[in-house]
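J.: Sharing a structure below in structure tokens format, with a few things to ask.
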Amino acid sequence: MTMQAMIDEWYPVGLFSQLDAAGRGTALMGEPIVVASDADGNAKVTGGNGRVLPVCVRYGHVWSSLGAPKKALFSIPEADQTGRRFVDVGVVRVRCSPLRAVENFLDVAHFPFVHTDILGAEPHTEVQNYKVEIREDVDEVWATQVKFYQPLAAKSASGGITTEYMYRVPAPTCSVLYKTCPPRPSEWDVITLFVQPLAEDLCDVWPWMALFDDTTSLTDLIHFQQTIFLQDRSILENQIPRLLPLDPGLEIPTRADLTSVAYRRWLKRHNYTYGAQLVAQ
Amino acid sequence: MHPDTTGSWTPVALSADLPAGTVIPARIPAGSIALWRSESGRPAASANRCPHRGMSLSHGFVRGEALSCIYHGWSYAQAGNCLRIPAHPGLTPPQAIRVKTYPVEETGGVIWVAMGEPSANPPKFEGFVALRSLMAEAGIAAIEAAAGAKASPAGLVEPAESTGTICLLLSAQEDRQTLLHVLLKGEAGTAARIAASRAAESLRRKAEDLQKKGIAQ
Amino acid sequence: MKLYDYILSPSCYKVRLMAALTGVKLELRPVDFHPGAEHRGPELLALNPAGSIPILEDGDLLLTESSAILVYLAAHAAPEWLASNKPEEAARVQQWLSFSGRLTASLGCARLHEMLLRPGDIGALQAQGIAALRELEAGLVEQAERGMRFLAADRPTVADIACFPYVALAPDGGVSLDPYPAIRLWSRAVRALDAFIEMPGIHRLHELKPEPHIELGKA
Chain A
43 MTMQAMIDEW
53 YPVGLFSQLD
63 AAGRGTALMG
73 EPIVVASDAD
83 GNAKVTGGNG
93 RVLPVCVRYG
103 HVWSSLGAPK
113 KALFSIPEAD
123 QTGRRFVDVG
133 VVRVRCSPLR
143 AVENFLDVAH
153 FPFVHTDILG
163 AEPHTEVQNY
173 KVEIREDVDE
183 VWATQVKFYQ
193 PLAAKSASGG
203 ITTEYMYRVP
213 APTCSVLYKT
223 CPPRPSEWDV
233 ITLFVQPLAE
243 DLCDVWPWMA
253 LFDDTTSLTD
263 LIHFQQTIFL
273 QDRSILENQI
283 PRLLPLDPGL
293 EIPTRADLTS
303 VAYRRWLKRH
313 NYTYGAQLVA
323 Q
Chain B
790 MHPDTTGSWT
800 PVALSADLPA
810 GTVIPARIPA
820 GSIALWRSES
830 GRPAASANRC
840 PHRGMSLSHG
850 FVRGEALSCI
860 YHGWSYAQAG
870 NCLRIPAHPG
880 LTPPQAIRVK
890 TYPVEETGGV
900 IWVAMGEPSA
910 NPPKFEGFVA
920 LRSLMAEAGI
930 AAIEAAAGAK
940 ASPAGLVEPA
950 ESTGTICLLL
960 SAQEDRQTLL
970 HVLLKGEAGT
980 AARIAASRAA
990 ESLRRKAEDL
1000 QKKGIAQ
Chain C
14 MKLYDYILSP
24 SCYKVRLMAA
34 LTGVKLELRP
44 VDFHPGAEHR
54 GPELLALNPA
64 GSIPILEDGD
74 LLLTESSAIL
84 VYLAAHAAPE
94 WLASNKPEEA
104 ARVQQWLSFS
114 GRLTASLGCA
124 RLHEMLLRPG
134 DIGALQAQGI
144 AALRELEAGL
154 VEQAERGMRF
164 LAADRPTVAD
174 IACFPYVALA
184 PDGGVSLDPY
194 PAIRLWSRAV
204 RALDAFIEMP
214 GIHRLHELKP
224 EPHIELGKA
């Protein structure tokens, strides 16, 4: 394990809407931290020895870092688009590697078996070819033209549709999903997975959404996403090993897993190995 | 790896606890296994890990003569070879994709799993019927102390003070846990079987107590 | 009937499951339990000062205890889910309905702690949960010896529905179900009931459906 490469990244540490002066104790990469609001209502994050950590507030969440971030938090242009509803889904803790949580988010082949009759259903199990690349200019992993048949793709969908997805990994423990938007075919719904690494094998997951949906209640939108993520949780807690294996050999990818292959390659290239297992044990 | 246990049999579960078309988790000295029974009734044991994404196979499901992983539906034959990858319905999975399997035998209502190639059949306990299995947070020494009797080389303990009807077949687990298979000497009626189940619970309480007090190592 | 419901609450799921099994149609009113803590807001506290869900509203009847709601649904639509007039069976149903409260207080709180970061002494909660699972396991072993597949009879009753959710979701709170063969068989029998529905954390029993025919190369 090496923390160095990932230590300068931004990580979600709480919902901005739930900040209070008393503060909430949590952890970041093994270090106890406190997330609070200061006298002016601004977010303040303190590290284990009382040192003040870098802070930014974006996409409904407070972000911090144990190191010195070299760049601003990745941008999600849709977060500034009018007409979208922004949904704080809330935290869910998972006993798994933060990298495993992201990799699962990038996968569609499990939909029929884990999100049965919602995001997938037998016999529609085939994953057709899609495009994957590491975009060198922005240094992000992208998968595009991912198509999958879904019985109930979103709260705003009324029946089965073939949904198109685009996946983006802009930071080692964050992913942004762009998904067919049933009420607005020309736009994409944005669903994100922001993962706070508490330890190498423990994480707090903060999903967030920016959707075009004027009819569904906010609570229904939250519950839909919580349903999906809680279905994944029991999978994530039962993968062996807990850490994400980066060396080939321990796990067998197929064509359907090209996004995960690219994600693992990108992690390895940058030495983003907090939560990863490098040598088969 | 486990020279003392290679080729030897471990009693992993009772036959009655593994109906046709189901999979359960179990443990042998080599590690965690997925123990399953096909619809036609044949038991099988494999490593409890799908080689695709490491998901535990005991969370999976049995259809016909195959065990499938709950994560992506990859399915495996009793011989361990991958039969189907649902994401690629047209693909015949390469022979290299397989799970490690272990020999399984059933005798006297007990399912036994071997590591390596066993040189003999699993032990047979003539005249015993299986009642239930229970897990104790106690090592074998504590259970022997509670029972007032030593385990036989085959792992069978005949408690000294019991009503004279129950026997315990022991299987050491991780972290000083022991799986107890409760066997009865001969057929018994409902009331006697319920009494035997309660006697086994009492014995477990006693063994765990001894374990906690550190009387047994 | 209107159910104040949270999709991740095992107690609310008891009610949804009972309704599905007995064919009762519920009007669901989703409550933003997490992260919004709506159950502690003025509207819901006015209905239930205890600040818990589920809450069932039917005309001027207001029920806030899940066991009572199960009994109400069963009495309303499917009395065979209640105890018969055999004294032993009636007592067993009550025994397990009361016991189910201990599952909520142990396994339920362990789950909230491990999943949604609620406060609690996790070691103590898990230990109490394991003690409860052992009791349930012993009870089911004895029922099986009596030729009964369910907690109070050889047919499912409200007692099974009261106990099933927190047991099935024990691993969410870090409590393994591996050591309990009788619970596994019972849980499978519940999940195989006609009209059974899942909640997140309880997967579909895919084996109940035959392997589908795959049409190759279909778009």
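Residue numbers (the numbering used here), protein chains in the order written: chain A, 43 to 323; chain B, 790 to 1006; chain C, 14 to 232. Ideal Cβ positions, reconstructed from N, Cα and C, are used throughout, including at glycine.
Whether or not the stretch 67-83 of chain A and the stretch 104-111 of chain A are in contact is what I'm after, with contact meaning three or more pairs of Cβ atoms, one per stretch, closer than 8 angstroms; do they touch?
T.: Because the criterion of three Cβ pairs below 8 angstroms is met, the stretch 104-111 of chain A and the stretch 67-83 of chain A touch.
J.: Buried or exposed: where does A/Gln267 fall if 16 or more other Cβ atoms within 10 Å of its Cβ makes it buried?
T.: For the purposes of this step, residue 267 of chain A is taken as the residue at position 225 of the first sequence. Counting Cβ neighbours within 10 Å, A/Gln267 comes out buried, since at least 16 surround it.
J.: Tell me B/Asn870's beta-bridge partners as DSSP assigns them.
T.: On the second sequence, residue 870 of chain B is found 81 positions in, with the first residue counted as 1. Paired residue(s): B/Arg887.
J.: With B/Pro907 and B/Ser827 assumed to form a contact (beta carbons below 8 angstroms), what rounded beta-carbon distance in angstroms separates them?
T.: Counting from 1 along the second sequence, the entry for residue 907 of chain B is found at position 118. Counting from 1 along the second sequence, the entry for residue 827 of chain B is found at position 38. Actually they are not in contact, since the Cβ atoms of B/Pro907 and B/Ser827 sit about 21 angstroms apart, beyond 8 angstroms.
J.: Beta-carbon within less than 6 angstroms of A/Pro287's beta-carbon, same chain only, minus the 5 sequence neighbours each way: which residues are those?
T.: On the first sequence, position 245 is the one that residue 287 of chain A refers to. Only Glu293, Gln319 meet the Cβ criterion.
J.: Compare the C-beta of C/Arg115 against all C-beta atoms of chain A and say whether one is closer than 8 angstroms.
T.: Looking up residue 115 of chain C in the third sequence gives position 102. No, its Cβ sits nowhere closer than 8 angstroms to a Cβ of chain A.
J.: For A/Ala252, I'd like the list of residues in its chain whose CB is within less than 6 angstroms of its CB, leaving aside the five on either flank, ordered along the chain.
T.: Here residue 252 of chain A refers to the residue found at position 210 of the first sequence. Correct list, in chain order: Glu120, Ala121, Arg126, Phe128, Val232.
J.: Please compile the residues from chain A whose C-beta is within a distance smaller than 9 angstroms of the C-beta of B/Ser864.
T.: If you number the second sequence from 1, residue 864 of chain B lands on position 75. Those within 9 angstroms of B/Ser864 in chain A number zero; the least Cβ separation is about 11 angstroms.
J.: Quick check: the Cα distance between B/Val812 and C/Pro62, rounded to an integer number of angstroms?
T.: Your numbering for residue 812 of chain B matches position 23 in the second sequence. Your numbering for residue 62 of chain C matches position 49 in the third sequence. Rounded to whole angstroms, B/Val812 to C/Pro62 spans 45 angstroms at the Cα level.
J.: Less than 8 angstroms between CB atoms is the rule here; does A/Phe190 satisfy it with respect to chain C?
T.: Counting from 1 along the first sequence, the entry for residue 190 of chain A is found at position 148. By this cut-off, A/Phe190 is not an interface position.
J.: Which of the three DSSP states is assigned to A/Arg297 in this structure?
T.: Taking the first residue of the first sequence as 1, we reach residue 297 of chain A at position 255. DSSP places A/Arg297 in helix when its eight states are reduced to three.
J.: When you compare the CB of C/Ala151 with every CB in chain A, is at least one pair closer than 8 angstroms?
T.: By 1-based counting over the third sequence, the position of residue 151 of chain C is 138. It does not; no Cβ of chain A falls within 8 angstroms.
J.: Between the stretch 191-213 of chain C and chain B, which residues of the former have a C-beta closer than 9 angstroms to a C-beta of the latter?
T.: Cβ contacts with chain B: Asp191, Pro192, Tyr193, Pro194, Ala195, Arg197, Leu198, Arg201.
J.: Please list, in chain order, the residues of the stretch 121-133 of chain C that have any C-beta partner in chain A closer than 8 angstroms.
T.: The residues in question are Glu127, Met128, Leu129, Leu130.
J.: Can we say the stretch 890-904 of chain B touches the stretch 299-315 of chain A, given the rule of at least three CB pairs closer than 8 angstroms?
T.: Output reads no: the stretch 299-315 of chain A does not touch the stretch 890-904 of chain B.
J.: Just the Cα atoms here: how many angstroms apart are A/Leu309 and A/Phe155?
T.: Within the first sequence, residue 309 of chain A is the residue found at index 267, counting from 1. Within the first sequence, residue 155 of chain A is the residue found at index 113, counting from 1. Rounded to the nearest angstrom, the two C-alpha atoms are 28 angstroms apart.
J.: Less than 8 angstroms between CB atoms is the rule here; does C/Asp45 satisfy it with respect to chain A?
T.: In the third sequence, residue 45 of chain C corresponds to position 32, counting from 1. Closer than 8 angstroms: yes.
J.: Hey, how far is the Cα of A/Trp184 from the Cα of A/Val218?
T.: The sequence position of residue 184 of chain A within the first sequence is 142, counting from 1. The sequence position of residue 218 of chain A within the first sequence is 176, counting from 1. Computed Cα separation, rounded: 10 angstroms.
J.: Is the CB of C/Glu102 under 8 angstroms away from at least one CB in chain B?
T.: Here the question's residue 102 of chain C lines up with position 89 in the third sequence. Closer than 8 angstroms: no.
J.: Strictly by DSSP, which residues pair up with A/Asp24?
T.: Residue 24 of chain A falls outside the range modelled here, since chain A spans only 43 to 323, and no answer is possible.
J.: Using three-state DSSP, classify C/Tyr26 as helix, strand or coil.
T.: If you number the third sequence from 1, residue 26 of chain C lands on position 13. In the structure shown, C/Tyr26 sits in a helix (DSSP, three-state: H, G or I).
J.: Short check: CB of B/Tyr865 to CB of B/Val888, under 8 angstroms?
T.: Taking the first residue of the second sequence as position 1, residue 865 of chain B is located at position 76. Taking the first residue of the second sequence as position 1, residue 888 of chain B is located at position 99. In this structure, B/Val888 lies closer than 8 angstroms to B/Tyr865 by Cβ.
J.: Within the same chain, show all residues whose beta-carbon is closer than 8 angstroms to that of C/Ser115, passing over the 5 residues directly before and after it, in chain order.
T.: Position 102 of the third sequence holds residue 115 of chain C. This sequence places Arg at residue 115 of chain C; Ser is not what is there. Once the five neighbours on either side are set aside, the close Cβ partners of C/Arg115 are Gln141, Ala145.
J.: Could you name each continuous beta strand (DSSP E) segment of 3 residues or more that falls completely within the stretch 907-952 of chain B, going from the start of the chain to the end?
T.: Taking only runs of at least 3 residues, the beta strand (DSSP E) segments lying wholly in the stretch 907-952 of chain B are 917-925.
J.: Determine, for A/Pro154, whether the minimum Cβ-Cβ distance to residues of chain B falls below 8 angstroms.
T.: Indexing the first sequence from 1 puts residue 154 of chain A at position 112. Closer than 8 angstroms: yes.
J.: By the criterion of Cβ-Cβ separation under 7 angstroms, what are the contact partners of C/Ile20 in chain A?
T.: For the purposes of this step, residue 20 of chain C is taken as residue 7 along the third sequence, with counting starting at 1. The contacting residues are His265, Gln268, Thr269.
J.: Please return the same chain residues whose Cβ sits closer than 6 angstroms to the Cβ of A/Ala81, not counting the five positions on each side in sequence.
T.: The count along the first sequence starts at 1 and reaches residue 81 of chain A at position 39. Taken in chain order, the list of residues that qualify is empty.
J.: Within 10 Å of its beta-carbon, does C/Leu198 have 16 or more other beta-carbons around it, so buried, or fewer, so exposed?
T.: As a working mapping, residue 198 of chain C is identified with position 185 in the third sequence. That one is buried.
J.: Would you say C/Leu16 and C/Pro55 are within 8 angstroms of each other, going by their C-beta atoms?
T.: The residue given as residue 16 of chain C occupies position 3 in the third sequence. The residue given as residue 55 of chain C occupies position 42 in the third sequence. Result no, Cβ atoms of C/Leu16 and C/Pro55 do not sit closer than 8 angstroms.
J.: B/Arg842 versus chain A: which residues are under 7 angstroms apart at the beta carbon?
T.: Within the second sequence, numbered from 1, the residue matching residue 842 of chain B stands at position 53. Under the 7 angstroms cutoff, chain A gives Gln281, Glu293.
J.: Using the rule of at least 16 other Cβ atoms within 10 Å of the residue's Cβ for burial, across every protein chain shown, is C/Ser200 buried or exposed?
T.: Residue numbering aside, residue 200 of chain C sits at position 187 when the third sequence is read from its first letter. So C/Ser200 ends up on the buried side.
J.: Using only the alpha-carbon positions, how far apart do B/Ala837 and B/Leu856 sit?
T.: Sequence index remark: in the second sequence, residue 837 of chain B carries index 48 (1-based). Sequence index remark: in the second sequence, residue 856 of chain B carries index 67 (1-based). A quick correction: the sequence has Asn, not Ala, at residue 837 of chain B. Approximately 11 angstroms, taken between the alpha carbons.
J.: List the residues of chain C whose Cβ lies closer than 9 angstroms to the Cβ of B/Val802, in chain order.
T.: If you number the second sequence from 1, residue 802 of chain B lands on position 13. Here the sequence assigns Ala to residue 802 of chain B, which means Val is not the residue at that position. Within 9 angstroms Cβ-Cβ: Pro194.
J.: Put A/His103 into one of helix, strand or coil per three-state DSSP.
T.: Position 61 of the first sequence, counted from the start, is the residue given in the question as residue 103 of chain A. Note: A/His103 maps to strand in three-state DSSP.
J.: What does the alpha-carbon distance come out to for the pair B/Thr967 and A/Leu278?
T.: Start at 1 with the first residue of the second sequence, and residue 967 of chain B comes out as number 178. Start at 1 with the first residue of the first sequence, and residue 278 of chain A comes out as number 236. Their Cα atoms are separated by approximately 28 angstroms.
J.: My parser needs the beta strand (DSSP E) runs of 3 or more residues fully inside the stretch 172-240 of chain A; what are they?
T.: Entirely contained in the stretch 172-240 of chain A, the beta strand (DSSP E) runs reaching 3 residues are, in chain order, 173-177, 182-192, 203-213, 216-222.
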